[in-house]
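If you're matching positions, the sequence shown starts at 45 in our numbering and goes up one per residue.
Where is the CB? At the ideal position from N, CA and C, for every residue including glycine.
Just so it is clear, the structure is predicted and the values come from calculations on it, not from any experiment.
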Amino acid sequence: MNKLTTITLLASSALLFTACASNPTQTLAIQKADNQYEVTGLGKDQITAKNNAITAANKTCGKKGAPVLVDEKTEYHGSLKGVVDEQTGKMITAAAGVLGSVMGKNYGIEKDTDYQTTLTFSCKAS
């Protein structure tokens with residue numbers, strides 16, 4: 045009985061810690077020269093990555109300021125990078141999702157970190 049309780053407790057703890065572990069969707073700001081900052085947002089698509097980067101920029105400037113964009117760069121870092129182009133990768137990902145729905149299993153190959161948007165900005169007082 046005592047061994048069963050110990051094993052159950054360990055398995056539950058491992059499951060809990062695994063569920064809590066996740067990748068952050070945005071980075072802290074890096075201050076560059078000329079009062080410019082750089083933040084990075086991650087997401088499973090371009091829009092999510094950009095929104096996460098914008099959220100990080102807004103947090104950096106705070107309530108009394110607004111970010112003024114200097115440069116923006118979005119890159120694909122998914123599992124198919126270097127194998128196929130981005131559009132073909134999207135079609136493969138969609139097909140894997142449909143196959144997973146039909147089979148009742150998750151065959152998704154996208155991750156929450158497939159796209160990375162880096163914003164360089166300065167804060168302007170509002």
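Length of the line joining the Cα atoms of residue i and residue j
i    : j    : result
D78  : G122 : 33 Å
N96  : D129 : 24 Å
T92  : G141 : 19 Å
D115 : M135 : 29 Å
G106 : A138 : 38 Å
K155 : G144 : 15 Å
V112 : Y120 : 24 Å
I98  : Q80  : 15 Å
K76  : K88  : 27 Å
K149 : K94  : 30 Å
6 Å Cβ shell around residue i - same chain, five flanking residues per side excluded
i    : result
T69  : L86 and N96
A110 : K168 and S170
C-beta atoms of residue i and residue j nearer than 8 Å
i    : j    : result
Q160 : T84  : yes
E82  : T157 : no
T118 : Q90  : yes
F165 : A100 : no
DSSP-derived helix/strand/coil call for residue i
i    : result
V83  : strand
D115 : strand
S170 : coil
G109 : strand
L163 : strand
Buried or exposed by the 16-neighbour rule on C-beta atoms within 10 Å, applied to residue i
i   : result
I74 : exposed
7 Å Cβ shell around residue i - same chain, five flanking residues per side excluded
i    : result
K108 : A169 and S170
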